[in-house]
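Asker:
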Ligand SMILES: [Zn+2]
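Residue numbers (our numbering): 935 to 1085.
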C-alpha cells in the first residue's frame, strides 16, 4: 500500500511513514500533481471536493487518533512490524544503515556507543535515527491505536 496525503494531513503522513508506508506528502499541491500521483497511490483527504475528483479515502475527523482508526478500519491497516522505523519521517526516503564514520561524527557520543549498529541514516536529508525513549513513546501510541497488537 502506497499513500498520497493531501496538504492538510502532515501529522498523519508522519505516522504512516513511521509504520513504513511509502507516503507522498507536500504542504502544497497543484491539482495536476494530485491527479498524476493518485494513479499509483491511495489518496487520503479531508477535502470533499478533492475526494469527489480523485476518490481514495475521505476522512471525517481532524483528530489524529480518529484518523488512524478510520484509516485502519477502511483499509484494514495492519502494517508489518518489520517495516516500522525504516523510513525517514521528514522526506519519506528508505533509511540505510548509517555509515559508522559519519554517525560517530554527527550523533551524540553516548548514543553512538549504545546503538552503534542500530543507527539508521536518511541519504536524502542527512538525518540520523536510532532506538530510544522517543521510539518507545511511538510504540506506546501504536499499541493504543491497535496498530501494534499488545503482547
Ligand atoms: Zn530524510
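For glycine and all other residues, C-beta sits at the position ideal for the given N, C-alpha and C.
Predicted model only: the values in this text are computed from it and were never measured.
Using only CA atoms, which one of 1057, 1069, 1039, 1005 lies nearest to residue 1050?
Answerer: 1039
Asker: Just how far apart, CA to CA, sit residue 953 and residue 992?
Answerer: 20 Å
Asker: Look at residue 979 and residue 965 and say whether their C-beta atoms are less than 9 Å apart.
Answerer: no
Asker: Name the residue from 1075, 1074, 1025 whose alpha carbon lies nearest to the alpha carbon of residue 1062.
Answerer: 1025
Asker: Given a cut-off of 9 Å on the beta-carbon distance, is the pair residue 956 and residue 1079 in contact?
Answerer: no
Asker: Please go through the same chain and pick out, in chain order, the residues whose beta-carbon is closer than 6 Å to the beta-carbon of residue 959, but skip the five residues on each side of it.
Answerer: 939, 947
Asker: Which residue comes first and which comes last in the alpha helix (DSSP H) that contains residue 1002?
Answerer: 998 to 1009
Asker: Count the other C-beta atoms from every protein chain shown that fall within 10 angstroms of the C-beta of residue 1070, then say buried if there are 16 or more, exposed otherwise.
Answerer: exposed
Asker: Hey, which unbroken runs of the beta strand (DSSP E) at 3 residues or more fall wholly within the stretch 952 to 1037?
Answerer: 956 to 959, 976 to 979
Asker: By Cβ distance below 8 Å, which residues in the same chain neighbour residue 976 in space, the five residues on each side in sequence not counted?
Answerer: Setting aside the 5 residues that flank it on each side, residue 976 is surrounded in the same chain by 935, 936, 937, 938, 990, 991, 1009, each with a C-beta closer than 8 Å to its C-beta; the list follows chain order.
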